[in-house]
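Residue numbers for the sequence shown, in full-length UniProt numbering: 1 to 103.
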Amino acid sequence: MKKKRTVMLSREFTVRQVVDFVRRARSFESHLYLGKDETITNGKGILGLIPLFLELRRGDTLTLIAEGTDADEALAHLSLYFSTWIADREALQWEVRGYSEER
């Protein structure tokens, strides 16, 4: 099943954060795509995402598309990645499929 969600960005991204996003995206079975304006790229491919992420600015909107058996779960967790950010670098707690990581 194909699902789509649009998110507004609460931050800008570094290359390290793009790598972290790809790692999280690859934990889902669904095919994932990200789009901004006319550009759509593979959500699990770092080479396509780095230029896209580095052009994004706070307040931009991004479309997440997931297609597969865990599409709802993937969109729920990955859209949270875009809206959750603690600017002063406090601990950010993630729980994806029982996996817990403190950043």
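All residues carry an ideal CB built from backbone N, CA and C; glycine is no exception.
With a threshold of 8 Å on Cβ separation, who are the neighbours of residue i within its own chain once the five nearest residues in sequence on each side are excluded?
| i | result |
| --- | --- |
| ILE46 | VAL18, VAL19, VAL22 |
| LEU56 | LEU9, GLU12, PHE13, LYS36, LEU62 |
Can you say whether residue i is buried or exposed, counting buried as having 16 or more other CB atoms within 10 angstroms of its CB?
| i | result |
| --- | --- |
| LEU54 | exposed |
| LEU64 | buried |
| ARG24 | buried |
| LEU80 | exposed |
Would you say residue i touches the ligand NAP, meaning its beta carbon is less than 6 Å from a heavy atom?
| i | result |
| --- | --- |
| LEU34 | The model depicted lacks the ligand NAP and carries no ligand whatsoever. |
Which residues bound the beta strand (DSSP E) around residue i?
| i | result |
| --- | --- |
| LEU34 | 31-36 |
Below 7 Å CB to CB, which residues in the same chain sit around residue i once its five sequence neighbours on both sides are set aside?
| i | result |
| --- | --- |
| VAL15 | ILE50 |
| ARG29 | According to the sequence provided, residue 29 is Glu. The question's Arg does not apply to it. Same-chain partners within the cutoff: GLY68, THR69, ASP70. |
Just to confirm the assignment, what range does the alpha helix (DSSP H) spanning residue i have?
| i | result |
| --- | --- |
| GLU55 | 46-55 |
Going by the DSSP bridge assignment, what does residue i pair with across the sheet?
| i | result |
| --- | --- |
| ALA66 | LYS3, LEU32 |
| THR14 | DSSP lists no partner for THR14. |
Who are the Cβ neighbours of residue i in its own chain at under 6 Å, not counting the five residues just before and after it?
| i | result |
| --- | --- |
| ALA66 | LYS3, SER30, LEU32, ALA74, LEU75 |
| ASP60 | LEU9 |
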